[in-house]
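Residue numbers (my numbering): 1 to 252.
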Amino acid sequence: MTGHDALREYAGKQLVSFLRKGDFAHAGEEKAIDLAFSTVSHKPKQTILDVGCGLGGTAAYIQNHHLGQVTGLDIEKEAIVYAQQKYPEITFHCCDVVNAAQIITQQFDLICLFNAFYAFSDQLAALKTLNKLINTKGKIIIFDYSNPDSRKITPLFSAGDKNTSPFKPVSFQGIDSLLEQSGWQLSKKIDISLQYIQWYTQLIDRLLGNESEIIRLFSQSLFQKAVTTYSSIKESLVKGLLGGILLYAEKA
Ligand SMILES: C[S@@+](CC[C@H](N)C(=O)[O-])C[C@H]1O[C@@H](n2cnc3c(N)ncnc32)[C@H](O)[C@@H]1O
């Protein structure tokens with residue numbers, strides 16, 4: 001198992017939450033949500049689906065900021081049990097994104113994904129399923145890692161298998177056709193790689209600055225895995241082998 005996978009397991013997610021000072025497992029924490037929603041109007045009654053919601057902090061932040069009525073879904077049972085207990089005002093479902101249309105009968109005005117899309121093994125199938133869950137004129141926001149240059153690939157790339165999760169950054173060029181094939185029309189594609197570098201620099205500083213507390217609360221090996229993982233992500237970002245992307249698309 002790679003260090004990156006260890007951070008995606010439940011104990012790893014708790015360490016990530018500690019570091020990110022909230023139930024978030026995406027780059028930039030609240031700043032990233034504010035950025036992604038900066039063009040979304042405040043309509044407390046609009047319905048929003050947060051896909052790959054993890055521990056539920058993003059869903060709660062969105063709802064508490066009166067952006068809409070949020071539903072969360074995630075494949076990991078322990079994360080959903082935690083989210084349901086901590087944020088009872090929000091509905092959460094436990095399922096694989098590709099089966100979501102069988103579990104969730106409602107349609108949404110907006111779908112958002114924060115660092116979840118890169119972890120899907122079948123990204124096209126996920127987009128097709130999400131297209132069934134969106135209202136006419138509904139929108140999708142994808143905030144994620146990107147592959148800025150299709151001729152080069154980060155050493156972190158992994159298609160995943162039954163023991164490991166995928167790490168498949170969104171292809172900056174290829175995403176247009178993936179959206180088109182799945183019933184979405186791209187409206188805006190923003191390169192946020194510089195913000196990713198800044199966010200990962202701050203995260204590594206926080207990690208190293210809290211070494212003894214992290215080892216006491218978690219373990220030496222988890223601390224070490226976090227250092228290795230975040231350092232290799234930052235290295236790929238700085239070399240331009242990895243980036244950040246913010247995508248907006250509408251139901252075609
Ligand atoms: C890096 S975490 C991000 C969590 C959350 N969006 C946040 O920002 O805090 C990625 C999440 O995607 C979930 N995930 C991965 N593959 C999934 C799938 N096929 N269906 C649903 N959720 C999935 C993982 O369990 C994990 O909670």
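All C-beta atoms, glycine included, are put in the ideal place defined by N, C-alpha and C. Just so it is clear, the structure is predicted and the values come from calculations on it, not from any experiment.
- A distance of 9 Å or more separates the beta carbons of isoleucine 141 and leucine 179.
- In the DSSP assignment, phenylalanine 143 falls within the beta strand (DSSP E) that extends over 134-147.
- Beta-bridge partners assigned by DSSP to aspartate 191: Ile245.
- Take the alpha-carbon of lysine 77 and the one of isoleucine 103: they are about 15 Å apart.
- Exclusion of the five residues before and after lysine 128 leaves Ser182 as the residues of its chain whose Cβ lies within less than 6 Å of its Cβ.
- The residue among Asp50, Arg216, Gln185 and Ser221 with its C-alpha nearest the C-alpha of alanine 100 is Asp50.
- Straight across, the Cα-Cα distance linking proline 88 with arginine 151 is about 46 Å.
- Distances from the alpha-carbon of glycine 243 to those of Gly138, Thr71, Leu156 and Ile75 put Leu156 closest.
- Nearest to asparagine 135 by alpha-carbon distance, out of Leu124, Asn163 and Leu110, is Leu110.
- Relative to ligand 1, histidine 26 has its C-beta within less than 8 Å of a heavy atom.
- Assignment of glutamate 89 by DSSP, reduced to helix, strand and coil, places it in the coil class.
- With a 10 Å radius around the Cβ and a threshold of 16 neighbouring Cβ atoms, arginine 8 comes out buried.
- Distances from the alpha-carbon of isoleucine 62 to those of Lys43, Leu247, Ser158 and Ile80 put Lys43 closest.
- If you draw a straight line from the Cα of glutamine 84 to the Cα of valine 16, it comes to about 19 Å.
- Your pair leucine 67 and valine 40 checks out as a contact, with CB atoms roughly 6 Å apart and the cut at 8 Å.
- Every unbroken stretch of the alpha helix (DSSP H) spanning 4 or more residues and falling wholly within the region 9-63 is given here in chain order: 10-20 and 29-36.
- Rounded to whole angstroms, the Cβ separation of proline 166 and alanine 159 is 6 Å, and the two are in contact under 8 Å.
- Distances between the C-beta of asparagine 131 and the heavy atoms of ligand 1 are all 8 Å or more.
- Counting the other Cβ atoms within 10 Å of the Cβ of leucine 194 gives fewer than 16, which makes it exposed.
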